[in-house]
């Protein structure tokens, strides 16, 4: 088992290195710059003395990922000097995606077997659609990843609780009475411990509790540290503190005091989590070490369950703090826990949701002013955005008027050819097993089927508006791929000889690998052979809908334009500006007469009035599909 996980991690490390080598090829997505600013702004609520103060109405969705993404990308940009800021942001997105791949394997391994989990992982990592979004999509990809991790941790927590509850019940009591019995035995053992040892533990625990409260509330230590930094800056600190400060902050006179206090505040904020975790570990070790020898197994189980509950609830709270429909993951896990544990699952489920709500509140600044009202507003408005124009089957329609087959057709066209046949086989096998054997032991496949089917059927039957193909529903692709892994594993069980197994695996992942190479760096515009590839989809369906091709278009202009040239941008300025030479004058003003260059993307490519007298310098695209066009006045 250890060698298996070592191999998986080694593969993901190699993929991380491969991603680092190509990250500078990707253009910037439509909302990337705005989302980065939202992350910076939201983080400011924590670090500028405004923690838990009402920030007013803000970005519609949660900003948790944007905060972490903004800070991590700053660090990456500082370390990788050759990367520009969008490259650093894209690498953080990609590493987030790889963590989701690890979670997907862990979930698939539980019931699809080693071979099924392996092919599910390979299918996941060779979907051009997902790989493209892995780099450039800071909204839907992180939500998909945290959804996976929430399900993985939630299933592990549920199974640990069922095992723990069974152990408690074997002691002759049920539910809370069994816990009380266990604590009584612990107290009896505590009374038999020598007094000096009890005093040592008591004083240690009191100190740890005081330090934990102070760390959480910033009552004593943090104000003292601020005072020490201020006195060190002013030259009045004790010699040891002054010497340490001067070693860390060389040429401090060049930097204002507020800058050092802000750095201290940031460091203190991020150190709270590991410090509180350490204090929790001390408390857990105390209770375990004071237990009777015969009780230690159940104490280990309780501590493990409590830790998994904290991690799982934190994941759920974080998921909802990214997008409010993350509540769906909590409902899935609650159903799973109820099916597995019935009445004895009510208490852990209530604690699970309580912890998740606390994390959600702390992680989403917008909720600090009116938590219930603003959460409810976002939940209700999730499916009622303003209509967006969508290119589908060669015509532009509004996102509120999509035909019922919009989502099924796009999923059939944009996932690689083997996924849906394998998923249908795996789904059939999972349903047949549940019908034959009942729910006992088959709850996880049922969770996967519900994870995919409920959002899918809701969109198809209720006509929930989506746009940019189906990027908002990328989170339903992982369960489909895991179910496809079940189908593949069953296929291998009936194929003889076994020498053909490797060949079948190659056939399963080859379409994705080939198209990832052919489409790079526009993998997210992938269409399979059912529609004739990206060439067959061009003009009929959305391809590079975020105009990421503007990066290469602008870089081409950089090499052609004279100093101070004017460039007209027919599309989102924010996807072009980061890559332009500093002297170029980019404009969207249609009244500007005779710009030197004109760049178009998306629907503007089909506009016959787009500078008809200009010469086409270059067309950026793949196959017969054009993603951006550059025209020159001369």
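In the working numbering, the protein residues as written are 1327 to 1960.
Note that beta-carbon positions come from the ideal geometry of N, C-alpha and C, so glycine has one too.
Keep in mind that this is a model prediction, so the values were computed, not measured.
Selection from the options that minimises the alpha carbon distance to residue i
i, options, result
"residue 2001", "1428, 1361, 1682", "The structure shown does not extend to residue 2001, since the chain is modelled only from 1327 to 1960, so the question has no answer here."
"residue 1344", "1658, 1565, 1461, 1573", "1461"
"residue 1475", "1801, 1553, 1826", "1801"
"residue 2010", "1484, 1933, 1828", "No answer is possible for residue 2010: the residues shown for the chain start at 1327 and end at 1960."
"residue 1446", "1854, 1951, 1807", "1807"
"residue 1393", "1564, 1553, 1648, 1411", "1648"
"residue 1448", "1747, 1646, 1823, 1832", "1832"
"residue 1928", "1629, 1960, 1892, 1866", "1866"
"residue 1854", "1644, 1337, 1736", "1736"
"residue 1731", "1687, 1762, 1693, 1795", "1795"
"residue 1908", "1350, 1914, 1892", "1892"
"residue 1370", "1571, 1589, 1469", "1589"
"residue 1718", "1387, 1857, 1950, 1332", "1857"
"residue 1733", "1788, 1465, 1658", "1788"
"residue 1900", "1678, 1887, 1890, 1872", "1872"
"residue 1961", "1464, 1555, 1849, 1334", "Since the first residue shown for the chain is 1327 and the last is 1960, residue 1961 is missing from the structure and cannot be characterised."
"residue 1849", "1332, 1451, 1338, 1569", "1451"
Where the alpha helix (DSSP H) containing residue i begins and where it ends
i, result
"residue 1653", "1653-1667"
"residue 1948", "Taken as a continuous stretch (DSSP letters only), residue 1948 belongs to no alpha helix (DSSP H), being part of the beta strand (DSSP E) at 1941-1948."
"residue 1878", "1876-1886"
"residue 1409", "Where residue 1409 is concerned, there is no enclosing alpha helix (DSSP H), given that its DSSP letter is neither H nor E."
"residue 1456", "1454-1462"
"residue 1745", "1745-1763"
"residue 1321", "Outside the displayed range of the chain (1327 to 1960) lies residue 1321, so it cannot be described from this structure."
"residue 1361", "1358-1373"
Chain-order list of residues whose beta-carbon lies under 6 Å from that of residue i (same chain, five-residue window excluded)
i, result
"residue 1713", "1724, 1725, 1726"
"residue 1744", "1834"
"residue 1778", "1802, 1805, 1806"
"residue 1937", "1924, 1957"
"residue 1945", "1952, 1955"
"residue 1685", "1640, 1643"
Span of the beta strand (DSSP E) around residue i
i, result
"residue 1717", "1715-1718"
"residue 1957", "1951-1958"
"residue 1721", "1721-1724"
"residue 1925", "1923-1927"
Where residue i sits in the DSSP three-state scheme
i, result
"residue 1918", "coil"
"residue 1894", "strand"
"residue 1340", "helix"
"residue 1848", "coil"
"residue 1692", "helix"
"residue 1817", "helix"
"residue 1911", "strand"
"residue 1678", "helix"
"residue 1731", "coil"
"residue 1793", "coil"
"residue 1420", "helix"
"residue 1739", "helix"
"residue 1871", "coil"
"residue 1864", "strand"
"residue 1439", "helix"
"residue 1853", "coil"
"residue 1900", "helix"
"residue 1825", "coil"
"residue 1936", "coil"
"residue 1561", "coil"
"residue 1403", "helix"
Near the ligand ATP: residue i beta-carbon under 7 Å from a heavy atom
i, result
"residue 1847", "For the structure depicted, the ligand ATP is absent and the ligand set is empty, with no information on it obtainable."
Contacts around residue i, its chain only, beta-carbon distance under 7 Å, and the 5 residues preceding and following it disregarded
i, result
"residue 1489", "1627"
"residue 1708", "1650, 1651"
"residue 1634", "1479, 1482, 1483, 1486"
"residue 1903", "1912"
"residue 1677", "1635"
Residues near residue i in its chain [Cβ-Cβ closer than 8 Å; skip 5 each side]
i, result
"residue 1906", "1880, 1883, 1884, 1893, 1912"
"residue 1420", "1342, 1345, 1349, 1460, 1461"
"residue 1409", "1349, 1350, 1402, 1403, 1417"
"residue 1471", "1422, 1423, 1425, 1426, 1429"
Are three or more beta carbon pairs between the segment 1344-1355 and the segment 1411-1419 nearer than 8 Å? In short, these stretches touch, since the Cβ pair count reaches three.
With contact counted as at least three CB pairs below 8 Å, one residue from each stretch, are the segment 1448-1455 and the segment 1728-1748 in contact? The segment 1448-1455 makes contact with the segment 1728-1748: 3 or more CB pairs, one atom from each, lie closer than 8 Å.
Between the segment 1475-1491 and the segment 1394-1407, can you find at least three pairs of beta-carbon atoms closer than 8 Å? Contact fails: fewer than three Cβ-Cβ distances are below 8 Å.
Touch check for the segment 1900-1919 and the segment 1842-1858: three-plus C-beta pairs under 8 Å? For the pair of segments examined, the segment 1900-1919 was found not to touch the segment 1842-1858: the number of CB pairs separated by less than 8 Å stays below three.
With a threshold of 8 Å, are at least 3 pairs of Cβ atoms found where one atom belongs to the segment 1872-1880 and the other to the segment 1942-1954? In short, these stretches touch, since the Cβ pair count reaches three.
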